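Have a look at the structure below, then the notes.
There are 2 protein chains.
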Amino acid sequence: MTGQKIKNMEDFAAVSGISRPTISKYFNDPESVRQSTRKKIEEALEKHNYRPNIYAVNQNRRQTKNIGLVVPNLTDPFFAEIARTIEGLIVEAGFNPLLLSSHGGPDQEIANLDSLRAIKPAGVLLAPLGRASLDKQIAEFTREVPTVLFDANLEDLGEAFFGSDNHQSVGLIVDYLCRSGEPPVFFELKTPINPNAYKRRSAYIAAMERLGHEPQLIQVDGQGWNFEEIGFREGGRVLNSGQLLTNTVLCSNDRIAIGLLSAAFESGIKVGRDDGAALRIAGHDDHPFSRFTCPSLTTVSQDYDAISASSVEAILSMISSGVRIEARKETLFEGKLVMRGSA
Amino acid sequence: MTGQKIKNMEDFAAVSGISRPTISKYFNDPESVRQSTRKKIEEALEKHNYRPNIYAVNQNRRQTKNIGLVVPNLTDPFFAEIARTIEGLIVEAGFNPLLLSSHGGPDQEIANLDSLRAIKPAGVLLAPLGRASLDKQIAEFTREVPTVLFDANLEDLGEAFFGSDNHQSVGLIVDYLCRSGEPPVFFELKTPINPNAYKRRSAYIAAMERLGHEPQLIQVDGQGWNFEEIGFREGGRVLNSGQLLTNTVLCSNDRIAIGLLSAAFESGIKVGRDDGAALRIAGHDDHPFSRFTCPSLTTVSQDYDAISASSVEAILSMISSGVRIEARKETLFEGKLVMRGSA
DNA sequence: TCATAAAATTTACGCGCGCAAACATTAAGA
DNA sequence: TCTTAATGTTTGCGCGCGTAAATTTTATGA
Chain A
292 MTGQKIKNME DFAAVSGISR PTISKYFNDP ESVRQSTRKK IEEALEKHNY RPNIYAVNQN
352 RRQTKNIGLV VPNLTDPFFA EIARTIEGLI VEAGFNPLLL SSHGGPDQEI ANLDSLRAIK
412 PAGVLLAPLG RASLDKQIAE FTREVPTVLF DANLEDLGEA FFGSDNHQSV GLIVDYLCRS
472 GEPPVFFELK TPINPNAYKR RSAYIAAMER LGHEPQLIQV DGQGWNFEEI GFREGGRVLN
532 SGQLLTNTVL CSNDRIAIGL LSAAFESGIK VGRDDGAALR IAGHDDHPFS RFTCPSLTTV
592 SQDYDAISAS SVEAILSMIS SGVRIEARKE TLFEGKLVMR GSA
Chain B
292 MTGQKIKNME DFAAVSGISR PTISKYFNDP ESVRQSTRKK IEEALEKHNY RPNIYAVNQN
352 RRQTKNIGLV VPNLTDPFFA EIARTIEGLI VEAGFNPLLL SSHGGPDQEI ANLDSLRAIK
412 PAGVLLAPLG RASLDKQIAE FTREVPTVLF DANLEDLGEA FFGSDNHQSV GLIVDYLCRS
472 GEPPVFFELK TPINPNAYKR RSAYIAAMER LGHEPQLIQV DGQGWNFEEI GFREGGRVLN
532 SGQLLTNTVL CSNDRIAIGL LSAAFESGIK VGRDDGAALR IAGHDDHPFS RFTCPSLTTV
592 SQDYDAISAS SVEAILSMIS SGVRIEARKE TLFEGKLVMR GSA
């Protein structure tokens, strides 16, 4: 850094020997200026490390480079990983991701959208809470800001939806469980917060009927996002009540399964697929921790690389084209069976 | 919403019947205007839902209301929970938190600080990666922006540090393990990324010597933040090598312990503190998942409510006073023993 | 009712930049 | 060397708001 301080673009234009409008062009797209002037600018940049004032830039640009990313619960490593993936894609595309977590609460979800509104994002990627979401306020938001939903669908909201094909993925694991042992019961919350849970329920029922088995639902009480806790508490109750008419349990998601595994362990019930085991437990999602449960958890992985990539692609194309999508599309990706020790 | 559209503060001043400078005063502090005019403004606000342009505001304010929050890895639920707590405290104080994760990489950490710089935050709370952190660049940042470190310390960087008293907490669990069974070996990474790991190592050695036992370190290879994976892989190796001279293992953190538990299970080694068990395993941190391992993990909890509250308090007082702290202070909080099934 | 302090208004400037129009310069090919 | 398109420069406006100074209005209490 030499001599005088560079306070603004005009100062920087002076020291670099290039006019301010050209400097402005450079910062909006380095490719848009001639090679020789680009070199001059970047040489000056090394000496003076000037950067445009982001507030002045955003005040004057027709559109910001911000893309909002709202997930239901960052405390859940599953969403933390998705968020990380999506953030990377957004940065790669030259945009600025803003990550917000709704912490499982609909009010926080709306608050997140409100603070995004203040930032005038070019677009928003929203993984909504689901059933608890305040539809009307979200609808109002999606009217103002181009929004793509992912993970959990809210009917007709947003420009598009990308998620998992629960029907396929649950069918996959029900098939596997049935052909490798007793048909599973379905262990879930009575009133889940997540729309995927309802789809998984009906997918389970459909798969069982297709295979000629009687579907059996074990629906337990429990609110909120502390699934492990619920799986542990209610699972323990179920295991000790003699309520279980089969030796195979399919959980609505991995986090419930993790709780149930813990409860089985405490009750001295051996879980696994080998002969000595008394119980098989399977989950859904391929949660980051499911490899390290005891035994490791057999589950179905979601293709969230595809979900992430498609969601980002969709919002970027809307932004660059400047037009809202004419017909809302829902795209579902298939899951893959992940065989481990628990079933 | 009635009639014309409110585009800016001047429009809003017109419809509310109050002058623009007074409106401006109101938004910067609603208490600073007379009750009667405040009422007028808020009535108009309900009709027209105007909000000041955040970019124009921040361009002109001497200081923004932004507070940056950088954590090493949001994928780790431990940090996700801390982040959530801190975010809440920042919002309560009327500031705007900006959460960034370094994803375990020093380059990302610097990139995070760079993008924070662009936002001109009033202050930053930084939980650094530790050993991998690029000290010089962080030092440069802390010179420009008031920064408080927490969780992991970097010598002399930032205005203050708040963290856990590893010496006390490790001493606590070593004491417990020694009086309830065989003295523990210490299971850790050979070259940990986190400075806390080094403190825990020396705390373990000190505690063992104090109790008249020979310290034993098992130091395994492994890079990055995938602690469960390392604990599983290397732990399995150690368990099957006959290298273990005691039946008690204290892990440097819970995530390693989770991996080790999984490895023990796979090897058919019964873990627990009752008579039938062959191995005791303890961790450190009280990770959110440690309640649901099999068996549940005995560990030491960090007082991160205190760490969060103190860190936020420190940065807020610096912001409001406008002065940097004269002498850097390091404050450590005590951990608590969390007895569960594994040891 | 009046003096006085507190609050609001009027007026005006500046923040740092995007953007557009008119004009000047440069690079590339015939 | 000349033409032409591409690229830069000059000039100037406007974005929406913070903030300051001078002035006027309002509230408060004796």
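One line per chain: the protein sequences are A and B, in this order. For the first sequence, the working numbering begins at 292 and goes up steadily by one. For the second sequence, the working numbering begins at 292 and goes up steadily by one. All residues carry an ideal CB built from backbone N, CA and C; glycine is no exception. Since the model is a prediction, treat every value here as computed from it, not as a measurement.
| Query | Result |
| --- | --- |
| So, do the segment 399-413 of chain B and the segment 617-628 of chain B have three or more beta carbon pairs nearer to each other than 8 Å? | no |
| May I ask you to report which of helix, strand or coil DSSP gives Lys411/A? | coil |
| Helix, strand or coil: which one does DSSP assign to Pro579/A? | helix |
| With DSSP run on the structure shown, which of helix, strand or coil describes Gln274/B? | This structure gives no information on residue 274/B, because the portion of chain B shown stretches from 292 to 634. |
| Kindly indicate which three-state DSSP category Thr622/A falls into: helix, strand or coil? | strand |
| Please return the same chain residues whose Cβ sits closer than 8 Å to the Cβ of Gly567/B, not counting the five positions on each side in sequence. | Lys561 |
| Considering only the beta carbon of each residue, do Ser460/A and Gly563/A sit closer than 9 Å? | no |
| Please report the Cβ distance between Glu519/B and Gly550/B, rounded to the nearest whole angstrom; I am assuming they are in contact, meaning their Cβ atoms lie under 8 Å. | 4 Å |
| Does Pro321/A come within less than 9 Å of chain B when only Cβ atoms are used? | no |
| With distances taken between CB atoms, is the gap from Glu508/B to Arg492/B smaller than 9 Å? | Just to set this straight, residue 508/B is Leu in the shown sequence, not Glu. In this structure, Arg492/B lies closer than 9 Å to Leu508/B by Cβ. |
| Going by other Cβ atoms of all chains shown within 10 Å of its Cβ, with 16 needed for buried, is Thr584/B buried or exposed? | buried |
| Okay, do the segment 439-447 of chain A and the segment 413-424 of chain A touch, 3+ Cβ pairs below 8 Å being the bar? | yes |
| Work out the CA separation of Ser599/A and Arg571/A for me, nearest whole Å. | 32 Å |
| What first and last residue would you give for the beta strand (DSSP E) that runs through Pro506/B? | Run containing Pro506/B: none; DSSP gives neither H nor E here. |
| From Tyr467/B to Asn531/B, what does the alpha carbon distance come to, in whole angstroms? | 26 Å |
| Give the DSSP-derived three-state secondary structure of Ile377/B in the structure shown. | helix |
| Give me the chain A residues within the contact set of Ile345/B, using Cβ-Cβ distance strictly less than 7 Å, ordered along the chain. | Ala409, Ile410 |
| Please report how far the alpha carbon of Phe640/A lies from the alpha carbon of Leu380/B, in whole angstroms. | Absent from the model: residue 640/A. The displayed extent of chain A is 292 to 634, so no value can be given. |
| Listing by chain order, which chain B residues have their CB less than 8 Å from the CB of Arg375/A? | Leu365, Thr366, Ser392, His394 |
| Determine whether the beta carbon atoms of Phe478/A and Ile547/A lie at a separation below 9 Å. | yes |
| From Gly526/A to Ser587/B, what distance separates their C-alpha atoms? | 16 Å |
| For Asn349/B and chain A, any beta-carbon pair shorter than 9 Å? | yes |
| Could you tell me whether the Cβ atoms of Tyr346/B and Tyr346/A are closer together than 9 Å? | yes |
| For Cys542/A, go through chain B and note every residue whose CB falls closer than 9 Å to its CB, in chain order. | Those within 9 Å of Cys542/A in chain B number zero; the least Cβ separation is about 13 Å. |
| Tell me whether Asn357/A sits in a helix, a strand or coil according to DSSP, three-state version. | strand |
| With 16 other CB atoms within 10 Å as the buried threshold, where does Asp565/B fall? | exposed |
| I need the straight-line Cα distance from Thr589/B to Asp426/A, nearest angstrom please. | 43 Å |
| Roughly how many angstroms separate the alpha carbons of Ser393/B and Gly449/B, rounded to a whole number? | 18 Å |
| State yes or no: is the C-beta of Ala423/B within less than 9 Å of the C-beta of Pro397/B? | yes |
| For Lys635/B, which of helix, strand or coil comes out of DSSP? | Because residue 635/B is not part of the residues shown, which for chain B are 292 to 634, the question remains open. |
| For Ile523/A versus Pro368/A, is the C-beta spacing smaller than 9 Å? | Note that residue 523/A is Phe in the sequence shown, not Ile. No; because the gap between Cβ atoms is not below 9 Å, this pair is not in contact. |
| Less than 9 Å between the beta carbons of Leu628/B and Val603/B, yes or no? | no |
| For Arg528/B, which beta-bridge partners are listed by DSSP? | DSSP, once it has assigned bridges, lists no residue as partnering Arg528/B. |
| Evaluate Ala569/B with the Cβ neighbour count: other Cβ atoms within 10 Å of its Cβ, from every protein chain shown; 16 or more gives buried, anything less gives exposed. | exposed |
| Kindly identify the DSSP beta-bridge partner or partners of Arg571/B. | Thr539/B |
| Whole-angstrom Cβ separation of Ala335/A and Val361/A, contact assumed at under 8 Å? | No, Ala335/A and Val361/A are not in contact; Cβ-Cβ is about 39 Å, not under 8 Å. |
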